[in-house]
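Peer 1:
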Amino acid sequence: SRAGCVPSVQRNRVVDPLPEIKDANGLFPAPADSRSEIDPVAPAPSPWRPAAYLWSLLALLLGLTLALIVHYQQKHRQEVAQTFVRDELAGKTYVALQTRLHSAESLLRAVQTLFLASDEVTAAEFDSFYLNMRLRQQFPSLLALAYAQREVRADGEHYVTRWVDPLPGNEAVVGLDVGVQPRNLAGLLASRDTDQMTLSAPFRPVQQPASVAPDDGITVRLPIFSPGEPPQTVADRRARMRGSIAVSFRTSSLISSALPDQLTRELHLRINDVTGQ
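For the sequence shown, position 29 (counting from the first letter as 1) is numbered 1441 according to this note's numbering, and the numbering increases by one without interruption.
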């Protein structure tokens, strides 16, 4: 029947394909799912990009170089400043020590003058001189002020310590023969011949405890002559020699008392005797 034929015709109907449309150049475009062997044209890389990297790297290296230069310049300036401070402190220390030794020489010259001007100096006068000079205040590191008397015996000259101030703590010095301390005796004989202050090489003082480091004592000496004008020749000095006057110090205390506080805070100081004596 007619009603049954219509669906058959509709099922067998062929749908015409869409017409192909050419592009503006008259060419047919490739299908959407087709794969062309030619890749689409990509934008060329900028020639400035590598150059920018190189300039950035160069700027970084230049910055690091300048930073290192500034660092080393600052370090050098700091080292120069520290060296200047050390030299200045060392110079102040030397001047302070020299000043103390000159003060000790002035003290001994005063005692020497006392003996030159007096026919007989007594132990009481010697004690009064010590108290009046207030030596502990001038020299906190002072051990003793001592007078050794010259005595001629069968075996030669001896210099025996007779007077010592202050006596407390220095009892062992009374009666001491300076000859038993060769370094001390060498300073005594040198001062006798020159009439100049002599500083002995370090030795162990008899009043120094055994627990303290050895060779920590020194003496500063001047000769004592018989009354009259100071002798001018070596022969006269030896003939008129009556004894020797000395101030003794503990070396470590003498040096530490002369050091500026800034030096002891900033530096570790070590002093060596370069004379080899």
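Where a beta carbon is used, it is the ideal one built from N, C-alpha and C, also for glycine.
1. Please return the same chain residues whose Cβ sits closer than 6 angstroms to the Cβ of L1671, not counting the five positions on each side in sequence.
2. Could I get the ranges of all uninterrupted beta strand (DSSP E) runs contained in the region 1574-1651, with 3 residues as the minimum, in chain order?
3. Please state if the CB of Q1561 and the CB of R1574 are separated by a distance shorter than 7 angstroms.
4. Are the CB atoms of S1664 and L1555 within a distance shorter than 7 angstroms?
5. Could you tell me the distance, in whole angstroms, from the CA atom of P1462 to the CA atom of Y1484?
6. Would you mind stating whether R1652 and P1643 have Cβ atoms separated by less than 7 angstroms?
7. What whole-angstrom Cβ distance do I1667 and Y1559 have, given they're in contact under 8 angstroms?
8. With DSSP collapsed to three states, give me the class of I1450.
9. Identify the continuous alpha helix (DSSP H) that holds R1562 and give its terminal residues.
10. Do V1590 and N1582 have their CB atoms nearer than 7 angstroms?
11. Anyone know if the C-beta pair for I1630 and R1654 falls short of 7 angstroms?
12. Distance, Cα to Cα, L1403 vs L1466?
13. Can the beta-carbon of L1611 be found closer than 7 angstroms to that of V1632?
14. For E1532, which of helix, strand or coil comes out of DSSP?
15. Can you tell me where the beta strand (DSSP E) with R1548 in it begins and where it stops?
Peer 2: In terms of the structure at hand:
1. Position 259 of the sequence shown, counting from 1, holds the residue named residue 1671. In chain order, T1505 place their CB closer than 6 angstroms to the CB of L1671, counting only its own chain and leaving out the 5 sequence neighbours on each side.
2. Under the rule that a run must span 3 or more residues, the beta strand (DSSP E) segments found entirely inside the region 1574-1651 read 1629-1637.
3. Here residue 1574 is taken as the residue at index 162 of the sequence shown, counted from 1. Here residue 1561 is taken as the residue at index 149 of the sequence shown, counted from 1. The answer is yes: Cβ separation under 7 angstroms.
4. In the sequence shown, residue 1555 corresponds to position 143, counting from 1. In the sequence shown, residue 1664 corresponds to position 252, counting from 1. Judged by their CB atoms, L1555 and S1664 are not nearer to each other than the 7 angstroms cut-off.
5. Counting from 1 along the sequence shown, the entry for residue 1462 is found at position 50. Counting from 1 along the sequence shown, the entry for residue 1484 is found at position 72. Rounded to the nearest whole angstrom, the C-alpha separation of P1462 and Y1484 is 33 angstroms.
6. Residue numbering aside, residue 1652 sits at position 240 when the sequence shown is read from its first letter. Residue numbering aside, residue 1643 sits at position 231 when the sequence shown is read from its first letter. Yes, the pair counts as a contact, with Cβ atoms nearer than the cut-off.
7. Translated into positions along the sequence shown, residue 1667 becomes position 255. Translated into positions along the sequence shown, residue 1559 becomes position 147. The beta-carbon separation of I1667 and Y1559, rounded to 26 angstroms, does not stay under the 8 angstroms limit for a contact.
8. On the sequence shown, position 38 is the one that residue 1450 refers to. Model confidence at I1450 stands at a pLDDT of 48, short of 50, so the residue's coordinates are unreliable and nothing is read from them.
9. Within the sequence shown, numbered from 1, the residue matching residue 1562 stands at position 150. Note, R1562: premise wrong, no alpha helix (DSSP H); beta strand (DSSP E) at L1554 to R1565.
10. What you label residue 1590 is simply residue 178 of the sequence shown in a count that begins at 1. What you label residue 1582 is simply residue 170 of the sequence shown in a count that begins at 1. Cβ atoms of V1590 and N1582: not closer than 7 angstroms.
11. Position 218 of the sequence shown, counting from 1, holds the residue named residue 1630. Position 242 of the sequence shown, counting from 1, holds the residue named residue 1654. The Cβ-Cβ distance between I1630 and R1654 does not fall below 7 angstroms.
12. No answer is possible for residue 1403: the residues shown for the chain start at 1413 and end at 1689.
13. For the purposes of this step, residue 1611 is identified with residue 199 of the sequence shown, where counting begins at 1. For the purposes of this step, residue 1632 is identified with residue 220 of the sequence shown, where counting begins at 1. For the pair L1611 and V1632, the CB atoms are nearer than the 7 angstroms cut-off.
14. What you label residue 1532 is simply residue 120 of the sequence shown in a count that begins at 1. In the three-state reduction of the DSSP assignment, E1532 falls in the coil class.
15. Sequence index remark: in the sequence shown, residue 1548 carries index 136 (1-based). No beta strand (DSSP E) contains R1548, which is instead part of the alpha helix (DSSP H) from L1547 to Q1550.
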